[in-house]
Structures are given as C-alpha cells and as structure tokens.
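In full-length UniProt numbering, the protein residues as written are 1 to 626.
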C-alpha cells in the first residue's frame with residue numbers, strides 16, 4: 001500500500017512539473033507586455049493567473065503546450081504602433097493575424113526574429129513606411145496580406161526568394177516603382193491593385209488577370225496577343241494583278257463584316273455578363289453562403305474604415321468581418337427581418353449571423369438600438385455578441401444553440417419527425433420565454449419591443465428553458481410587410497392593420513406560442529382537405545363548444561394528473577390573445593401566472609407534483625431556425 005502511495009505521489013509531482021514546464025512562460029510574458037502597451041477597445045481574458053493554452057482568446061499553442069504558435073486578434077480595436085520587443089519574442093510563431101485594427105507606425109523591425117512565420121495578416125490597419133527590404137528571413141512564408149494600409153516605397157525584390165509563397169496581397173497602399181520579377185511557381189494569388197506602380201508587367205506575372213494590377217500606371221502593351229494572320233497577311237498581293245486586287249477587296253470586306261459581327265456579339269455578351277453580375281451582386285452582396293466567399297467580392301474597397309464588427313463587452317470571440325465571409329456557412333432559415341446563417345469559422349467557432357433586410361434606420365439610430373439590445377444580459381434572452389453596419393450590409397452575430405428552436409423541436413425540422421415534448425419541458429419553455437420577454441419590456445425606459453415573437457425565435461438554453469432571440473428590430477426596420485405562411489398567425493390584429501408592433505402585440509404573439517405548446521399545432525395550418533386553420537380562431541371555437549379537452553396535444557394525454565395545469569395555461573394563453581390590446585395582461589403578470597401554475601425552479605416540489613419526474617428533456621436538435 002505504501003509503495004502504491006509513493007508511486008502515486010511521484011506521478012502527481014511529475015504531472016505537475018510537466019504542466020508547469022508545458023506552460024509557455026516566456027511567450028506569456030511577451031504577450032502580456034504586448035497587450036498592456038497597446039491600447040485596445042475590446043477586453044481580452046489574458047492575465048497572469050489563467051493558463052495561456054486553450055484559454056486565452058486568439059492564442060494557439062504547440063501540441064506539448066511549450067510554445068505559442070499562433071496569435072489571431074482581428075478587430076480587437078488595437079490603436080497605435082506595435083510595441084517593440086513584444087511579439088518579436090515569439091520565436092515559434094507560425095500564424096500572426098492582427099487585421100482590421102487601427103495599428104499604425106512602421107513594419108516592426110523585430111519581426112525578423114519570427115523565423116517560423118508562415119501566415120501574416122496585417123490588412124486593414126494604418127501601417128506606413130517602406131516594406132522590409134529583406135523578406136528572405138521568413139523563408140517559410142506562405143500567405144502575406146498587407147493590403148489596405150499606407151505602405152510606400154518599392155516592392156522588395158527579396159519577395160521572389162520566398163519559395164513557399166502561395167498568396168501575396170499588397171493592394172490599396174501607396175507603393176511605387178516597377179514590379180519585380182516573381183519567378184515563383186508556388187504563387188497562386190496576387191493582388192497589387194490601387195498603388196502607384198509603373199512600368200511594364202513582368203513576364204512571370206502575365207498569367208494573372210489584369211484586374212489584380214488595376215489602379216496603377218502599368219503598361220500591358222508589351223505582352224498584347226499577336227495580331228491575327230488574317231488581319232496582317234504575310235504575303236502582299238500583286239497590285240498589278242486584277243484578280244489579286246479583287247480577291248484582296250473581297251477578303252477585306254469579309255474581314256470588316258466579320259469584325260463587326262464579332263464586335264456586336266462581344267458587346268452583347270458583355271452586357272449580359274454585366275447584368276448577370278449586377279443581379280447576383282444585388283442578391284448575394286455581403287451574403288454568407290455555403291463554402292468560402294472572398295471578402296473582396298463582398299466589401300467595397302472604398303468601404304469606410306469605421307465599418308467594422310462591433311463586439312460587446314464580455315465577448316471573447318476572436319474574429320472579424322473577413323473571417324465571417326470566409327467561414328463555411330449554411331442557411332438556417334428566412335425570417336421576417338432577414339436571413340439567418342450558421343457560420344463555422346476556421347478555429348471551429350460556430351455562430352449565427354443574421355443578415356438584415358430593409359433597414360430604414362440610419363447608422364446612428366441603428367447603432368443606438370444595437371447598444372440597447374446588446375446590453376441585455378439575461379439567461380432567457382439570446383445575447384447579441386456583435387453587429388456590423390455599412391451602407392449595403394447590416395449584420396448581427398449571436399451564439400449558436402445546438403439544441404434548436406422550439407419550432408424545430410415541436411413541429412419537426414423541415415418536414416422531419418417532431419420530437420416528443422413532455423409537459424414539464426413545455427412548461428420550462430413557456431416560463432423561460434415569458435421571463436425573457438418581460439426582461440426585454442423593461443429596457444429602454446420600459447419602451448423596448450421585441451416585435452417578432454414566434455416559436456422559431458425561441459431556443460432551448462442549457463437548462464432547457466425558453467430563451468428569446470431576434471429582439472428589438474421592429475423599430476429600425478421598414479414597416480412590416482404583409483405576413484406570409486406560418487408567421488402571419490403570430491401577429492396581433494392591430495399589427496396586421498397598422499404594421500407597427502408594440503408591447504401588447506408582443507403579449508399576443510406570446511399567447512399564440514402558448515397555444516402552440518398546448519395544442520402541438522402551428523399558428524396557421526391546413527387540414528387534410530387543404531382547409532386553412534388559424535390556431536387562435538380554432539381554439540376559441542372549440543372552447544365555445546365546451547370541447548376544451550379536444551384542444552390539447554394528444555401527446556400530453558399520456559401524462560397523468562396534469563389536466564388542471566393545462567387548463568390554467570390555456571386560460572393564460574386566451575387572456576393574452578384577446579382582440580383589444582389594453583385588455584391583455586402585461587408580461588410581468590403573465591410570468592407570475594405561469595409561476596403559480598407550476599413552481600419549476602424549486603428543488604423540493606410537493607409530492608403531488610412528482611408525477612412527471614421520470615420524464616426526460618427533449619434530445620438536442622441539429623440546427624436552429626431563424
């Protein structure tokens with residue numbers, strides 16, 4: 001026994017020593033020196049007491065945890081020059097991304113110590129001065145993006161020594177002089193547009209399209225395609241030969257006609273292509289889709305430097321707009337206010353991106369509303385993590401709920417099988433959603449309106465309670481359009497008439513959600529004979545005929561002793577969906593009424609309420625809905 005204890009002690013001591021040695025102590029100090037000497041608007045969870053690896057935002061360590069190999073801090077709000085003798089001490093660094101900040105000053109001289117650097121992203125900053133003369137010190141560089149800065153001087157010829165270089169982007173700077181030869185067979189992408197470059201294009205770069213060199217004073221004539229032999233015949237016809245002269249005139253006339261026809265066809269083709277691109281641009285500009293989309297196709301090169309992703313306090317996400325646009329994404333659904341996408345970033349972070357449509361508010365009003373929404377911290381309200389505003393695009397970023405929306409669980413996802421929800425689960429959803437809406441209604445001096453309450457905007461949090469999303473958009477959007485499909489069943493009568501949402505209309509929409517939970521039916525659905533049924537009207541008609549039991553979902557009938565609670569919840573729902581707005585209860589009152597039906601939050605429930613203890617919460621769904 002003593003031997004075993006000795007071996008256990010030795011093992012624990014050895015493990016402790018290993019973990020202590022594995023922590024990159026020197027790299028930790030370098031990073032702390034960097035962040036403490038460079039002002040930034042977003043807080044980082046870097047401190048002396050927390051472990052660097054697998055905890056610090058934007059930091060990746062080697063497998064053994066002994067060195068930092070990647071630092072990704074885009075859009076953190078860094079301002080000023082990079083402090084010397086900080087990042088330059090990370091000698092094992094392979095990936096450095098500081099894009100979309102406000103970093104100024106010259107290219108750091110001590111970056112020459114980063115011999116292992118392979119990926120360098122410094123685009124969208126305010127860096128200036130000449131580029132490093134000797135890029136050969138980074139012989140592992142694969143991707144270099146220094147675009148959208150203020151670099152000047154010439155393009156270093158030493159770039160041609162980077163035998164692993166696959167992508168080079170120096171666009172939108174103030175570089176001048178001639179473009180050097182790049183005899184690099186590994187080079188797959190290059191962009192030198194919008195600089196002050198001059199001279200002729202080197203032979204080694206003629207395989208790339210002309211637009212990557214546009215916005216310069218570069219000559220393309222030296223490598224124009226040779227003139228067709230038809231237009232420049234090698235044999236000159238004998239002017240003394242009548243037949244030869246006639247043949248020459250006929251050929252010339254044919255050439256002119258052919259050239260005109262070809263010119264017309266080319267012009268028509270160009271018009272079609274331009275129209276097609278415009279149509280696609282209007283439909284997909286800034287839109288996340290499955291696969292990758294180059295940011296240059298989405299964000300205008302002349303975009304306002306202030307148009308960046310704005311993160312809220314407490315958010316530790318380390319990505320920017322460019323990361324979102326490059327993310328693997330899929331459409332989750334189309335909602336009242338826009339499309340929702342599930343975006344999976346390069347570091348496996350998964351978020352939901354809401355792309356808004358028909359925003360009527362200007363930038364100032366939009367940002368003020370986002371600040372109101374982003375300030376809400378409540379367990380039953382889906383937290384807004386970040387937003388983006390530009391003239392053409394307005395985005396909102398939320399956490400991804402893997403368990404899905406109430407709609408997907410209750411009715412089945414996209415025609416799939418529905419998941420069984422027991423009575424306790426439905427009560428938790430109702431109580432959580434009610435609390436979330438009540439919290440929303442006290443914001444902004446008690447004037448904040450959700451404006452789009454429906455089961456597809458309510459998700460299941462970690463405790464299986466309802467959690468409300470997609471809030472506060474009705475005031476910044478164009479007047480609500482005529483509702484379609486299922487969404488129409490949630491709208492209060494006054495909203496259908498005025499197209500304007502208010503807190504009483506939120507109560508009505510929540511009442512419809514309660515009816516949805518009680519009946520298992522959609523707000524608008526069809527019968528076997530294709531008859532359109534409005535849930536609220538149907539419930540009223542059934543209750544009037546005193547067939548109340550016919551209202552409830554048949555799945556609930558297998559749970560004993562819950563009839564009284566179901567009837568009480570039905571009465572609460574009907575009080576919420578009365579036609580006159582001033583006769584509806586306020587959300588804090590609704591919360592109290594639901595709490596009086598069932599005390600879900602108490603651990604010691606009365607024995608009479610133990611009837612459903614054996615029931616299990618619903619299994620998680622695979623996706624969310626908008």
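Where is the CB? At the ideal position from N, CA and C, for every residue including glycine.
Remember, predicted model here, so these are calculated numbers, not experimental data.
- prompt: How many angstroms separate the CA atom of residue 405 from the CA atom of residue 469?
  reply: 10 Å
- request: Would you kindly report the start and end of the unbroken alpha helix (DSSP H) that includes residue 565?
  value: 563-576
query: If we ignore side chains and look at the alpha-carbon of each, how far apart do residue 584 and residue 550 end up?
result: 25 Å
task: Using a threshold of 9 Å, state whether the C-beta atoms of residue 114 and residue 150 are closer than that.
output: no
task: Could you tell me which of 361, 362 and 327 sits nearest to residue 348, measuring between CA atoms?
output: Comparing Cα positions, the closest option is 327.
- request: Enumerate in chain order the residues of its own chain whose CB-to-CB distance from residue 315 is below 8 Å, with the five nearest sequence positions on each side excluded.
  value: 42, 385 and 386
query: With 16 as the cutoff for other CB atoms within 10 Å, does residue 350 come out buried or exposed?
result: exposed
- prompt: Count the other CB atoms within 10 Å of the CB of residue 393; is the residue buried (16 or more) or exposed (fewer)?
  reply: buried
- request: Reducing DSSP to helix, strand and coil, say where residue 115 ends up.
  value: coil
field: Own chain partners of residue 178 with C-beta closer than 6 Å, once the 5 adjacent residues on each side are dropped
entry: Sequence-distant Cβ neighbours of residue 178 in its own chain, meaning closer than 6 Å and more than five residues away, are 199.
Cβ-Cβ separation, residue 535 to residue 517 (assumed contact under 8 Å), whole Å: Actually they are not in contact, since the Cβ atoms of residue 517 and residue 535 sit about 11 Å apart, beyond 8 Å.
message: Quick check on the burial criterion: 16 or more other C-beta atoms within 10 angstroms. Buried or exposed for residue 135?
response: By the 16-neighbour rule on beta-carbons within 10 angstroms, residue 135 is buried.
First and last residue of the uninterrupted beta strand (DSSP E) at residue 72: 68-72
query: With a CB to CB cut of under 6 Å and the five nearest residues on each side skipped, what residues in its chain are close to residue 161?
result: If we look at residue 161 and ignore the five residues flanking it on each side, its Cβ neighbours are 136.
task: Note down, in chain order, each residue of its chain lying with its Cβ closer than 8 Å to the Cβ of residue 597, except the 5 sequence neighbours on either side.
output: Same-chain partners within the cutoff: 427, 565, 568, 569 and 572.
- request: Identify, in the order they occur along the chain, each residue of the same chain with its Cβ nearer than 7 Å to the Cβ of residue 67, setting aside the five sequence neighbours on each side.
  value: 24, 27, 61 and 92
Segments assigned alpha helix (DSSP H), at least 4 residues, entirely inside the stretch 405-453: As summarised for the stretch 405-453, the continuous alpha helix (DSSP H) elements at least 4 residues long and confined to that stretch are 406-411, 423-441 and 443-446, given in chain order.
field: residue 580 - DSSP class collapsed to helix/strand/coil
entry: coil
- prompt: Is the beta carbon of residue 187 sitting closer than 9 Å to the one on residue 171?
  reply: no
query: Are the stretch 577-595 and the stretch 430-444 in contact at 8 Å, needing three or more beta carbon pairs?
result: yes
field: Inter-stretch contact at 8 Å, needing at least 3 Cβ pairs: the stretch 543-561 / the stretch 462-476
entry: no
query: With DSSP run on the structure shown, which of helix, strand or coil describes residue 511?
result: helix
message: Considering only their Cβ atoms, is the gap separating residue 145 from residue 173 smaller than 9 Å?
response: no
message: Please report the distance separating the alpha-carbon of residue 360 from that of residue 477.
response: 5 Å
query: Taking the Cβ atom as the reference point for each residue, do residue 57 and residue 73 lie within a distance shorter than 9 Å?
result: Cβ atoms of residue 57 and residue 73: closer than 9 Å.
task: Give the DSSP-derived three-state secondary structure of residue 373 in the structure shown.
output: helix
- prompt: Going by C-alpha distance, which of 139, 430, 71 and 164 is nearest residue 31?
  reply: It is 71.
query: Thinking just about the alpha-carbon of each residue, which of 102, 99, 96 and 82 is nearest to the one in residue 109?
result: 82
- prompt: Between the beta-carbon of residue 320 and the beta-carbon of residue 309, is there less than 9 Å?
  reply: Closer than 9 Å, so yes.
query: Thinking just about the alpha-carbon of each residue, which of 169, 159 and 175 is nearest to the one in residue 184?
result: 159
field: Sub-9 Å separation of residue 512 and residue 467 beta-carbons
entry: no
- prompt: Are there 16 or more other CB atoms within 10 angstroms of the CB of residue 425, so buried, or fewer, so exposed?
  reply: With 16 or more Cβ atoms within 10 Å of its Cβ, residue 425 is classed as buried.
task: Could you name the residues of the same chain whose beta carbon sits closer than 8 Å to that of residue 399, not counting the 5 residues immediately before and after it, in chain order?
output: 351, 352, 382, 383 and 385
- prompt: Which of the three DSSP states, helix, strand or coil, is assigned to residue 224?
  reply: Summary for residue 224: the model assigns pLDDT 45, below 50, so the residue's position carries little reliability, and this model does not support an answer.
- request: Compute the Euclidean distance between the alpha carbons of residue 377 and residue 458, then round it to the nearest angstrom.
  value: 16 Å
- prompt: At what residues does the alpha helix (DSSP H) containing residue 30 begin and finish?
  reply: 25-36
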